[in-house]
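These notes are about the structure you will find just below.
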Amino acid sequence: MKRSENLSREPEVHKKLHIMSQTPHTDNETLFKPVGDSVQEIDQNEQSDSVTPHKTGAADAEGHPVQEIESLCMNCHEDGITRLLLTTIPYFREIVLMSFECPHCGLKNCEIQPASQIMEKGCKYMLKVEQKEDFNREVIKSETAICKFQELDIEIPAKRGQLTTVEGLLSEMLTDLAADQPARKAIDESLYEQIEAFITKVRSYLNCEPDTLPLTFTLDDPAGNSWIEYKPGEPAHKWSQTQYVRSGEQNVLVGIISQDQLEQQYMEERAKIADKDRNPSEAQKPTFLSDETDIENFNNEVQTFSATCPSCNHPCDTHMKPVNIPHFKEVIIMSTVCEHCGYKSNEVKTGGAIPDKGRKITLVCDEAEDLSRDILKSETCSMTIPELNLDIQQGTLGGRFTTLEGLLQQVYSELKTRVFTQTSDSMDAEAKTRWEKFFGKLQDGINGKVKFTVIMEDPLAGSYIQNVYAPDPDPNMTLEDYERTEEQNEDLGLNGMITD
1 MKRSENLSRE PEVHKKLHIM SQTPHTDNET LFKPVGDSVQ EIDQNEQSDS VTPHKTGAAD
61 AEGHPVQEIE SLCMNCHEDG ITRLLLTTIP YFREIVLMSF ECPHCGLKNC EIQPASQIME
121 KGCKYMLKVE QKEDFNREVI KSETAICKFQ ELDIEIPAKR GQLTTVEGLL SEMLTDLAAD
181 QPARKAIDES LYEQIEAFIT KVRSYLNCEP DTLPLTFTLD DPAGNSWIEY KPGEPAHKWS
241 QTQYVRSGEQ NVLVGIISQD QLEQQYMEER AKIADKDRNP SEAQKPTFLS DETDIENFNN
301 EVQTFSATCP SCNHPCDTHM KPVNIPHFKE VIIMSTVCEH CGYKSNEVKT GGAIPDKGRK
361 ITLVCDEAED LSRDILKSET CSMTIPELNL DIQQGTLGGR FTTLEGLLQQ VYSELKTRVF
421 TQTSDSMDAE AKTRWEKFFG KLQDGINGKV KFTVIMEDPL AGSYIQNVYA PDPDPNMTLE
481 DYERTEEQNE DLGLNGMITD
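Per UniProt numbering, the sequence shown runs over residues 1 to 500.
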């Protein structure tokens, strides 16, 4: 049995983490230092340890950054050493690095565990590996994440958490396969040859041989605690991130609810459906909780209705308000807050039928006043600003109804606080310079100091930029309707839609 599969069962490890979390006069900034600071502190401690031996135990929470615990080796059942390091990872968040070594049988193992809470939504990343350097991209794979290499038809199931690279994932898989090849050759020659051919194919991709790349790598984590390294300014097709609401089964997988709670939820839903079948007239009446529910007041009042939290499946309230955007269409602003798990969401939904064509909007912002234009970005819309090296993929930020300045400010704040500030200490000089240059351009755009072009492409034509010359045409804005591709219709679920 592997050490990683039993690490979570060791009471001493969890006791140690509890003691560290309860250490007085400490906070997250003290415990979870950036990787660069942690390495420097370890180096300084190792130099001092040459004079004064390093002691293990709970007291290390206030001294040496690496905590050491005696723990049972699941291979030889002797005592080994588990080392813990609380740190922050570039472009990510706080994690616990765990390493085990047994001096008796030589077993070594390492893994990571997220130290932050489960995210409100799951996340899915995509990376196009187009050159040798892309194999060196850092990957944080939590214990609930599934990795896929599409062209190789490889899926790496959810197992222990890892801090590795794209090449590291493939190399580890090849090592596992190659280790059992001698035994396979003796038992089944045909199976041995098939796996040997597969190993050769994977190595050809790692060596970037002709006619191999690009390779599509996807990382899907329902807990939202995984990540693939992003480099500012790269093309939109190369790296993307999308967020999604977890299903009931995924909530069980990440431990938010139990299997019994999920089955109870399904039973309640089936009972509601059966109720509606018996009383169809009652089923058509929405349960609004607002004081006035007359149809005349529907567009003037904020409506509140009972719903189910997509995160914990407990009952919660959703607030809804229809808003008519002049010279566009009616949209619905929705807000959900769950008092049980703290889940929050703000969404903007466009009303009306699905249009036959998609729409591309191009706006040239050559004056500071253009930043005050209203903008509606739907969930299916991608936005590009070439002059600022900014690409916002479909699904990123969700649906937003704000101003152009507000949208750019939100992008700036998200990247600045969640990416750059937490990781600048551990960046190399080139990466830090690239990020600072990107933020400088973005800030100039927000301040109206540079001229730039906003390109919004929405296959459902549900996005909008205010025309300040309405009803006359806007000389700085062009609208182009286009036919959706078959792939876009498939992604949007339109091919299987029955309208008869």
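Where is the CB? At the ideal position from N, CA and C, for every residue including glycine. Just so it is clear, the structure is predicted and the values come from calculations on it, not from any experiment.
Residues near residue i in its chain [Cβ-Cβ closer than 6 Å; skip 5 each side]
i	result
residue 252	259, 262
residue 488	459
residue 110	99
residue 387	452
residue 481	357, 359
residue 250	222
residue 246	122, 222
residue 21	With a pLDDT of only 41 at residue 21, under the threshold of 50, the placement of this residue in the model should not be trusted, and no figure is reported.
residue 495	489
residue 434	232
Contact under 7 Å by Cβ, residue i with residue j
i	j	result
residue 219	residue 228	yes
residue 81	residue 101	yes
residue 244	residue 122	yes
residue 376	residue 401	yes
residue 442	residue 412	yes
residue 340	residue 314	yes
residue 527	residue 323	Coverage of the chain is limited to positions 1 through 500, which leaves residue 527 absent and any answer about it impossible.
residue 265	residue 374	no
residue 221	residue 345	no
residue 112	residue 163	yes
residue 177	residue 195	yes
residue 410	residue 446	no
residue 217	residue 149	yes
residue 325	residue 348	no
residue 208	residue 132	yes
residue 241	residue 125	yes
residue 198	residue 166	no
residue 399	residue 382	no
Cutoff 7 Å; reference residue i; Cβ partners in own chain excluding five residues on either side
i	result
residue 444	450
residue 479	359, 361
residue 237	128
residue 137	127, 165, 166, 228, 229
For residue j and residue i, believed in contact at Cβ under 8 Å, the rounded distance
i	j	result
residue 87	residue 97	6 Å
residue 174	residue 184	Not quite, the Cβ-Cβ distance comes to about 14 Å (not below 8 Å), so this is no contact.
residue 311	residue 338	7 Å
residue 393	residue 380	The Cβ separation is near 11 Å, so there is no contact.
residue 156	residue 147	4 Å
residue 254	residue 274	Actually they do not touch by this definition, with Cβ atoms about 30 Å apart.
residue 316	residue 336	6 Å
residue 454	residue 354	Not a contact, Cβ separation roughly 24 Å.
Other residues of its chain near residue i: CB distance less than 8 Å, five sequence neighbours each side excluded
i	result
residue 50	Low local confidence applies: a pLDDT of 46 at residue 50 is under 50, so the model's placement there is unreliable, and no value is given.
residue 285	The predicted model places residue 285 with a pLDDT of 47, which falls under 50 and marks its position as unreliable; any figure quoted below should be read in that light. Same-chain partners within the cutoff: there are none.
residue 403	371, 372, 373, 374, 375
residue 485	none
residue 461	355, 357, 358, 359, 481
Residues that DSSP places opposite residue i in a beta bridge
i	result
residue 481	359
residue 400	377
residue 237	Beta-bridge pairing links residue 237 to no other residue.
residue 97	85, 112
residue 104	Note: residue 104 sits in no beta bridge, so no partner.
residue 244	122
residue 202	In the DSSP output, where bridge partners are listed per residue, residue 202 has none listed.
residue 303	320
residue 346	335
residue 227	140
residue 382	457
residue 315	308
residue 147	156, 219
residue 165	138
is_contact[residue i, chain B] using C-beta, thresh 7 Å
i	result
residue 231	The structure shown contains no chain B, having only a single protein chain.
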